Amino acid sequence: MPNIKSAKKAVIKSRERYLRNRSTKSAIKTYTRRVKELAEKGETEQSIANLRRAISLIDKAVKRGILHKNTGNRKKSRLMIALNKRLAQVQQNAQDA
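Residue numbers (the working numbering): 599 to 695.
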């Protein structure tokens, strides 16, 4: 534990930032998972709504410095690819049946 007053404050601020960043990252993961699950079920409208929310959260995280710019772009790209792939599979299955 630090002895200097400014070091003590730095520890507190670091903890606050850590918790804030962790909650943001958790929210991104939650919406990403929801997009994939809803697309798997074939619920296109809800998955697209969750996709918009996930992209918004990713962009805000990049803006705040929680995620690196390239990391945010990679997450958005992979999410779009996964969504399109799942929706194509669901559509293909509907046509086959």
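The C-beta atom is built at its ideal place from N, Cα and C for all residues, glycine as well.
Note that the structure is a prediction, hence the values are computed from the model and not measured.
Outcome for residue i when other beta-carbon atoms lying within 10 angstroms are tallied against a minimum of 16
i: R684; result: buried
Neighbourhood of residue i by C-beta distance below 7 Å, restricted to the same chain and skipping five residues each side
i: G670; result: I656, D657, A659, V660
i: R651; result: Y629
Helix, strand or coil at residue i according to DSSP, with G and I counted as helix
i: N601; result: coil
i: E643; result: helix
i: I664; result: coil
Extent of the continuous alpha helix (DSSP H) to which residue i belongs
i: L685; result: 667 to 694
Option nearest residue i by Cα separation, candidates the options
i: Q687; options: T642, R676, I610; result: T642
i: T630; options: K639, R662, N648; result: N648
6 Å CB neighbourhood of residue i in its chain, flanking five on each side removed
i: R632; result: N648
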